[in-house]
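The structure appears right after this line, and notes come after that.
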Amino acid sequence: MKPQTKYGVAATAASTLLVEDVRNFTTRRRNLLYLMHRYLLENGYYNSAETLKGEGRLTEEYEVCDNVDLDAIYLDYASYFNMKFGKYPRVLKKMGPKLKVELSSTKGARPAEQSGSQSHSQTQSQSQSQSVQRPGDSQAFWHAGVGAATAAAAASLAADSQQQGPGQLQANRLSLHIKKMDTAETMAEPRIAAFNEIEHGHAGDDALFASLEWQSLAELVKTSILCEDIKLRWTDICGNHSAIELVKEAVLTPIEYPQLFAHGLKPWRSLLLHGPPGSGKTYLAKALYAETRGKVTFFNITASIMVSKWRGESEKILRVLFHMAARRSPSVIFFDEIESLTSKRDRATDHESSKRFKNELLQLLDGMEHTLSGVFVLASTNLPWDIDEAFLRRFEKKLLVQLPTAAERSNLISRLLGTTLSLTPKLLEQLTTLSEHFTGDEIRLACKEVSMQRMRHATRACRESNPPKESQAAQESSVERAFQQIRPLGMKLLAKHEQWQQENGS
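Residues in the sequence shown are numbered from 1 upward in steps of one, following UniProt numbering.
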């Protein structure tokens, strides 16, 4: 390790002092006061600035640095909130109706005393009671509102009791108890209604979303639900009939024929697709979403949604994800490139947070069979040998996505180039031979290059007055060159995938 110089030691000491300043409450309070004072001066609130300077005991000993101000802090916080939760924060909200706590009038009291008591009760309740909380407010504010309202009523009752008899005092206490119950119920109604609305009315008795933090995580997970209108059919997939049939059997069959699973038989709960890059794993997931849109809730999960820099938040996001998937069943959770989340746990470079995340995911996958009915986990990977064995065990089916056969390649080329140029049987056979060991995506790229060549020829002909006519032989030669430009990468990994499938596949 490189030894620290005197400058390195000084920098470390300065950094430590800054950390202590941020953590110290008194220092934070002083910094905020100076920031507010500068903001008031810059915006013309001179009287308010002088008042703040006097009450906050601000001196000329400190001044705000040039690179920081309240407006910049506000913008940075809004940008961070939008990046994390997919929306900008709400800083202000409209005040709700004030909560009034009125005691019943005393039967034997004098009119002047009654009017004075009522005005005293209204004044106390208006000054101390909190506004009705909205569904997104924290539970602490809700309790504070109820407590303030009942405290105001109790203060009014104590003032009136000095001039009333014991019998009337007992009646007033009973009235206060009833109004206290009504106050709690009134303030709880918006929160209960919000909880009942979560997850299409299925979470009314669920305590998971009872806090603002969990509700924010639920909003983040909802951004992964696909709602796009993708025009794709099973027939658009080149080959891979075994994978298509297995996915249909796991997702569509329980929906279309639920009576088949009424006597203990359970459908497949998890499938791992592996194969060379471009073989069609993600394309198959897109086709599944397009074919089941409106019938199944589809969660498209990536590492950017799951991984958080805050301690313990990634595990919470996982739990919210599986909980929402169960509530919105039938549902599909698709993990693309799952090896980034489920690598081997015995690596020395793994951080503690990564191990906690993997353990949480293992527990959720293992409990699917018993608690998460109607949830199907679909995952894809190019590197199945990098996945931890415990995760591999939890995938009921592991399937290799094969390269297209000669007949499938011929069908795909005809479909992609049929509208661009006239394919003779001889040329189609040559292209099918040239595309051996190509993945479906590599065939698409070769056909796209052919189409771009035809576009270049057409634009060149438009610019020239008498363009030379291209012969059929020249067209076929350019098409063959386009296919020869593609270097297939699938063969480099296909043998390794086949060996892994033999040893670990199911």
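Glycine is no exception: its CB is placed at the ideal position from the N, C-alpha and C atoms.
> Tell me, which residues are paired with I255 by DSSP?
Replying inline: None; I255 has no bridge partner.
> Quick one, are the C-beta atoms of L434 and Q484 less than 8 Å apart?
Replying inline: yes
>> Does the CB of T349 have a neighbour CB from chain C at under 8 Å?
In response: Structure shown: chain C not included; a single protein chain is present.
> For S380, which beta-bridge partners are listed by DSSP?
Replying inline: L273
> Do the CB positions of P267 and A287 come within less than 8 Å of each other?
Replying inline: no
> Mapping DSSP to helix, strand and coil, what is P488?
Replying inline: coil
> Would you call the CB atoms of S314 and S353 closer than 8 Å?
Replying inline: yes
> Enumerated in chain order, which unbroken segments of the alpha helix (DSSP H) with a length of 4 residues or greater are wholly contained in the UniProt domain "AAA+ ATPase" (267-405)?
Replying inline: 281-292, 303-306, 313-327, 352-366, 368-371 and 389-394
>> Suppose contacts are defined by Cβ-Cβ distances below 8 Å. Is H437 in contact with H274 by that definition?
In response: no
>> Here's the rule I'm using: 16 or more other beta-carbon atoms within 10 Å means buried, otherwise exposed. How should I73 be labelled?
In response: exposed
>> Within 8 Å, do at least three Cβ pairs link the stretch 383-403 to the stretch 446-456?
In response: no
> Per DSSP, what kind of secondary structure is I413 in: helix, strand or coil?
Replying inline: helix
>> Suppose you measure from the CA of D69 to the CA of R269; what does that come to, to the nearest Å?
In response: 53 Å
> What did DSSP end up calling E199 once you bin it into helix, strand or coil?
Replying inline: At E199, the pLDDT of 45 sits below 50, so the modelled position is not reliable and the matter cannot be decided from this model.
> Looking at the structure shown, is K107 part of a helix, part of a strand, or coil, going by DSSP?
Replying inline: Confidence at K107 is low in this model, with a pLDDT of 43, below 50, so the placement of that residue should be treated as unreliable; the coordinate-derived value is given next. Looking at K107 - three-state DSSP - the assignment turns out to be coil, as it is neither helix nor strand.
>> As a quick exercise: from L220, S380, L321 and I255, pick the residue whose alpha carbon is nearest that of S279.
In response: S380
> Cα separation between Q347 and K355?
Replying inline: Note that residue 347 is Arg in the sequence shown here, rather than Gln. Cα-Cα distance, rounded: 10 Å.
> For I225, which residues does DSSP report across the bridge?
Replying inline: F299
> So which of F335, G490, L364 and S477 has the shortest CA-CA distance to T282?
Replying inline: F335
> Within this structure, are the beta carbons of L226 and N300 separated by less than 8 Å?
Replying inline: yes
>> Measuring alpha carbon to alpha carbon, tell me which residue in R393, N47, L489 and R409 is nearest N504.
In response: R393
> Where does Q114 sit, in a helix, a strand or coil, going by DSSP?
Replying inline: At Q114 the pLDDT is 46, less than 50, meaning the model places this residue with poor confidence; the figure from the coordinates comes in the next sentence. It is helical.
>> Mapping the DSSP letters down to three states, classify I443 as helix, strand or coil.
In response: helix
> Which same chain residues, not among the five before or five after S410, have their C-beta less than 7 Å away from its C-beta?
Replying inline: L428 and T432
> If you drop the 5 nearest sequence neighbours on each side, which residues of the same chain put their C-beta closer than 7 Å to that of residue 527?
Replying inline: Missing from the structure shown is residue 527; the chain here goes from 1 to 506 and no further.
>> Can you look up N47 in the DSSP assignment and give me helix, strand or coil?
In response: helix
>> How far does the alpha helix (DSSP H) with E37 in it extend, from its first residue to its last?
In response: Going by the sequence as given, residue 37 is His instead of Glu. From DSSP, the alpha helix (DSSP H) with H37 extends over F25 to E42.
>> Quick check on this structure: which residue in F395, V296, T405 and E63 has the alpha carbon closest to the alpha carbon of H241?
In response: T405
>> For S422 and Q430, I'd like the C-alpha separation in whole angstroms.
In response: 14 Å
> Looking only at its own chain, which residues have a Cβ that is under 6 Å from the Cβ of A290, when we skip the five neighbours before and after it?
Replying inline: I230 and L232
>> Considering only the alpha carbon of each residue, which of E337, T342, L362 and I333 lies closest to V377?
In response: I333
>> Assuming the contact rule is C-beta atoms closer than 8 Å, I387 and E339 should be a hit. Round their C-beta distance to whole Å, please.
In response: 5 Å
> Can you tell me whether DSSP reads V91 as helix, strand or coil?
Replying inline: coil
>> Looking at F391: is its Cβ nearer than 8 Å to the Cβ of T342?
In response: yes
> Which class does H263 belong to by DSSP, given the choice of helix, strand or coil?
Replying inline: coil
> Would you report the Cα separation of A326 and K84, rounded to the nearest angstrom?
Replying inline: 24 Å
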